[in-house]
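Residue numbers (my numbering): 4 to 103.
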């Protein structure tokens, strides 16, 4: 909840109204998508007022098509960056499992 409210600046009511957000993996889905959207936003490649909750909810295939592969020519390394964030998180999670 803290990440949604403080980092993503979602309104509390919006998070409460979208309980699926609490079921999505923060490390494997939300943060990597947030990073991609920040990069695209900084380059003015996404519309202002975009519904970020919707971006977090859509399927992986749709997210990749709309926001990653569509912009790989304008943002070199975007796909690699997205994949490395996801893979790093999975490796960290696996290492923690093995350590316990």
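Built from N, CA and C at the ideal position, the CB exists for glycine as well.
Query, Result
"Alpha carbon to alpha carbon, what distance is there between residue 44 and residue 51?", "8 angstroms"
"Quick check: the Cα distance between residue 81 and residue 74, rounded to an integer number of angstroms?", "8 angstroms"
"Under 8 angstroms by Cβ, that's how I've got residue 18 and residue 8 pegged, so tell me the actual separation to the nearest angstrom.", "7 angstroms"
"Among 12, 10, 77 and 34, which one has its Cα closest to the Cα of residue 3?", "The first residue shown for the chain is 4 and the last is 103, placing residue 3 beyond what the model contains."
"Residue 56 lies in the alpha helix (DSSP H); which residues open and close that run?", "55–60"
"Helix, strand or coil for residue 28? Go by DSSP, reduced to three states.", "coil"
"Can you look up residue 48 in the DSSP assignment and give me helix, strand or coil?", "coil"
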